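Protein chains: 2
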Amino acid sequence: MTETLLFGVLGGMGPLATLDLLQKMIEAMPAKRDQEHLPVVTWNVPQIPDRQKALAGKGESPLPQLLHAVQQLNRLNVSHIAIPCNTAHHWYPQLAAASRAPILHLVDIAAAQIAHLHPRPQRVGIIATEATLQAGWYQQRLAALGIDVILPTEQELRTLFVPGCYAVKRGENTLGGQLLQELATALINRGAEKLVLACTEIPLAFNAVASPLRAASVDPAYALAQHCVALWQCFMREAHH
Amino acid sequence: MTETLLFGVLGGMGPLATLDLLQKMIEAMPAKRDQEHLPVVTWNVPQIPDRQKALAGKGESPLPQLLHAVQQLNRLNVSHIAIPCNTAHHWYPQLAAASRAPILHLVDIAAAQIAHLHPRPQRVGIIATEATLQAGWYQQRLAALGIDVILPTEQELRTLFVPGCYAVKRGENTLGGQLLQELATALINRGAEKLVLACTEIPLAFNAVASPLRAASVDPAYALAQHCVALWQCFMREAHH
């Protein structure tokens, strides 16, 4: 048995989305005092090439910095690594191969949460980067659950998603919220019963405008936080046996 | 010259106060994209004995865990260490002696900010743990600036500060805000022109009740964030020469 758990967060993509995961790790834990919260070490170093631009062939690869972060977290003997960035999961195979600690897969964890929704939605909209959508991670997992997906158009990605996402990265969360809520509304109007907020900037934007669509959304970052809490609770039960 | 800066945050005291510092590090940075924010690695491991209880002689010392955290941050070659907990500065001498990276002193940084206030206040109230008040760190530095201090009474500490502080640690920030605002108002009524929020749980509590007293407050955690941003900006200017 591991001596203890220590969650490593490979963050920085962006730095505010990383804090959002850390905040959700605290919210998801039914703790009554400091000492009951998750032990977490966070590598929040945003000096790493833009993931979206790299995958569009317009910039250098972030892989060297991602591998460095995985190595540094492993030096601290983390028991698990979480990456609060969907797009960065493009490099998941290389990072998992280079890590002693298992890397939690954000998309698998989000899909497991969708599989347990009651009633299970028939049509789900996905808001994500072009790279995440092209990789097909969410589409494949939802198809396996018998769920139809509703995707943004190329024009919606260009005029709503990309400016909305980068507005959050500039700290203009309200502007980001207006743009991303317009995109989300379009997906709802095309029949989506639920939305997957498959880019970790989106919840920050929705919060800034107190979007009513949060209630119709699955937030992979929150699912990841809940997964870490469940791992910790399971470990603590075993440790007391 | 250092190859680059990497800020280490020794957190967990409490975990939410740690996120508050990280949030302020983002707010204090005039960044237009992810890559312009501070590089930060955060040890947010709250499995560490209660600092207030240890200093009241009612619990074990947190020093071994604090030293472990300092060692782990140094293993990652951090250039500076910040500790978002006033009370933990009781062990500052031992931690600084054990750290290769310099440890930023929260109280020195807060006092420097107070020294630059225009107009300089004549009477400043201090809200802090009993241990921080007994150590006299803020009183000594304010006296050196010719500023009178106004302190909570023992009864105010027992009936307002302690329950307010531990309410935040339980996640009951609104209750914490009500109690701490009552204490803050009492200090204002006794003549304090400004308040030093010398416990990192207080700003979270004040935010939860949108306290109007925030405008009359000096927040050492925000001063610490601004100090880190200034160090980074200075480093970046030098690096481009």
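Chains A and B, in that order, are what the protein sequence lines are. For the first sequence, the positions run 200 to 440 when the numbering used here is used. For the second sequence, the positions run 200 to 440 when the numbering used here is used. Beta carbons are placed, not taken as given, at the ideal position from N, Cα and C, and that holds for glycine. Only a predicted model underlies this, so the values are computations on that prediction, with no experimental measurement involved.
- Closest in alpha carbon position to Val348/A, among Arg369/A, Gln321/A and Val367/A, is Gln321/A.
- Around the CB of Gln333/B, fewer than 16 other CB atoms lie within 10 Å, so the residue is classed as exposed.
- The distance from the Cβ of Leu379/A to that of Ile325/A is about 13 Å, inconsistent with a contact at the 8 Å cut-off.
- Here Thr241/B is buried: its Cβ has 16 or more other Cβ atoms, across all protein chains shown, within 10 Å.
- Excluding its 5 nearest sequence neighbours in each direction, Arg389/B has C-beta neighbours in its own chain below 7 Å: Ile349, listed in chain order.
- For Trp290/B, there is no enclosing alpha helix (DSSP H), as DSSP marks it with neither H nor E.
- Assignment of Lys252/B by DSSP, reduced to helix, strand and coil, places it in the helix class.
- Look at Trp290/B: its C-beta is not under 9 Å from any C-beta on chain A.
- Across the set Glu202/B, Leu205/B, Phe206/B and Gly211/B, the C-alpha of Gly211/B shows the shortest separation from the C-alpha of Glu400/B.
- In the three-state reduction of the DSSP assignment, Val323/B falls in the strand class.
- Listed along chain B are Lys368, Arg369 and Gly370, each with a C-beta nearer than 9 Å to that of Lys231/A.
- Chain-order list of chain B residues neighbouring Pro411/A: empty, with the shortest C-beta distance near 22 Å, by a criterion of under 8 Å.
- Collapsing the DSSP output to three states places Asp219/A in a helix.
- When Cβ-Cβ separations below 9 Å define contact, Leu205/B makes contact with chain A.
- By the Cβ-count criterion, Cys398/A is buried, with 16 or more other Cβ atoms from all chains shown falling within 10 Å of its own Cβ.
- Apart from sequence neighbours up to five positions away, the residues of its chain that approach Gly375/B with a beta-carbon distance below 6 Å are Gly363, Ala366, Val367 and Ala404, ordered along the chain.
- The distance from the Cβ of Pro245/A to that of Pro238/B is about 7 Å, consistent with a contact at the 8 Å cut-off.
- Look at Gly211/B: its C-beta is under 9 Å from a C-beta on chain A.
- Using a Cβ-Cβ cut-off of 9 Å, Thr241/B counts as an interface residue toward chain A, since at least one Cβ of chain A sits closer than that to its own.
- Neighbours of Pro214/B across chain A, judged by C-beta separation under 7 Å: Ile225, Asp233 and His236.
- Using beta-carbon distances, Leu423/B does not count as an interface residue toward chain A, since no partner is under 9 Å.
- For the pair Trp290/A and Leu412/B, the Cα-to-Cα distance works out to about 47 Å.
- Going by DSSP, Lys368/A is part of the alpha helix (DSSP H) stretching over Val361 to Lys368.
- Under DSSP, Phe206/B shares a beta bridge with Val239/B and His279/B.
- The residue from His440/B, Ala424/B, Ala429/B and Val361/B with its alpha-carbon nearest to that of Ile282/B is Ala424/B.
- Counting C-beta pairs closer than 8 Å gives fewer than three between the region 300-311 of chain A and the region 255-267 of chain A, which falls short of the contact rule.
- Assignment of beta-bridge partners to Ser260/A by DSSP yields no partner.
- With a contact defined as Cβ atoms closer than 8 Å, Ala309/B and Val417/B qualify at about 6 Å.
- Taking Leu396/A as reference, the option from Pro351/A, His440/A and Gln271/A with the minimal CA-CA separation is Pro351/A.
- Where Val348/B is concerned, the enclosing beta strand (DSSP E) starts and stops at Asp347 to Ile349.
- Ranked by how close their Cα comes to the Cα of Thr384/A, the residues Ala415/A, Ala407/A, Asn406/A and Thr373/A have Ala415/A in first place.
- Here the alpha carbons of Gln270/A and Leu221/A stand approximately 21 Å from one another.
- For Leu379/B, the uninterrupted alpha helix (DSSP H) run begins and ends at Asn372 to Asn388, by DSSP.
- When DSSP states are grouped into helix, strand and coil, Ile225/B belongs to the helix group.
- Per DSSP, Val306/B is one residue of the alpha helix (DSSP H) stretching across Leu305 to Ala314.
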